[in-house]
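Numbering (our numbering), first residue to last: 63 to 259.
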């Protein structure tokens, strides 16, 4: 009789951790939005920041609800399990880096532009690494990657890598609030409509 592994490399062991960490980040988003709503008179609003918060919400919810399939394809693979856990952690890190700490929210004046620019360079880099991790997992572990559509997957990976690079560079280099807002909105919409169909 074979001895079972000390560690269980399947979704049932990761599910509750994902629920807790996503729940903490979503609670932070809810608290942040509620604080801004209660402190309207002392808040200087900035459109890219508000759209970025929506984008973070969509990223977290997508990660949460796509995790059953994401972990299913790597079940039994220790390397895949660790890699998937690390990439999912990046979504949590980008949320924590992007949202203001409580001491910032308690200031006499809350400037959303300052909050946004405090993580403007780091945020797109982390998101870019997250996407590259997601692509790598799809190529290495997704059963669809071994089917007839392998060539299509390789083309999609190449195209996605170019888009990720463009997305990252634009978010770092551009300072126009309407362009930044459009990029965040397009990213959130893309996750909702392209990755869920």
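Beta carbons: idealized from backbone N, C-alpha and C, even for Gly.
Keep in mind that this is a model prediction, so the values were computed, not measured.
Query, Result
"Minimum length 3: unbroken beta strand (DSSP E) runs contained in the region 72 to 97", "none"
"Residue nearest to residue 199 in terms of C-alpha spacing, selected from 139, 98 and 91", "139"
"Segment limits, alpha helix (DSSP H) that includes residue 112", "109 to 134"
"Straight-line gap, residue 74 to residue 122 (C-alpha atoms, nearest Å)", "19 Å"
"Length of the line joining the Cα atoms of residue 102 and residue 169", "13 Å"
"Bridge-paired residues (DSSP) for residue 173", "106"
"7 Å Cβ shell around residue 259 - same chain, five flanking residues per side excluded", "Annotation note: pLDDT 48 at residue 259 (below 50); position unreliable, coordinate value reported separately. Counting only Cβ-Cβ distances below 7 Å, and skipping sequence neighbours, we find nothing."
"Contact between the region 158 to 173 and the region 122 to 138 (3+ Cβ pairs under 8 Å)", "no"
"Local Cβ density within 10 Å of residue 146, reported as buried at 16 or more and exposed below that", "buried"
"Inter-stretch contact at 8 Å, needing at least 3 Cβ pairs: the region 186 to 195 / the region 226 to 237", "yes"
"Straight-line Cα distance separating residue 141 from residue 90", "31 Å"
"Sequence-distant residues of its chain with Cβ nearer than 6 Å to residue 137 (five each side left out)", "72"
"Beta carbon of residue 104 nearer than 8 Å to that of residue 171", "yes"
"Among 99, 114 and 201, nearest to residue 178 - alpha-carbon criterion", "114"
"Reduced DSSP category for residue 236 - H, G, I as helix; E, B as strand; rest coil", "coil"
"Sub-8 Å separation of residue 233 and residue 245 beta-carbons", "yes"
"Check whether residue 242 and residue 110 have beta carbons under 8 Å apart", "yes"
"For residue 164, the three-state DSSP class (helix, strand or coil)", "helix"
"Rounded separation between residue 95 and residue 119 - CA only", "11 Å"
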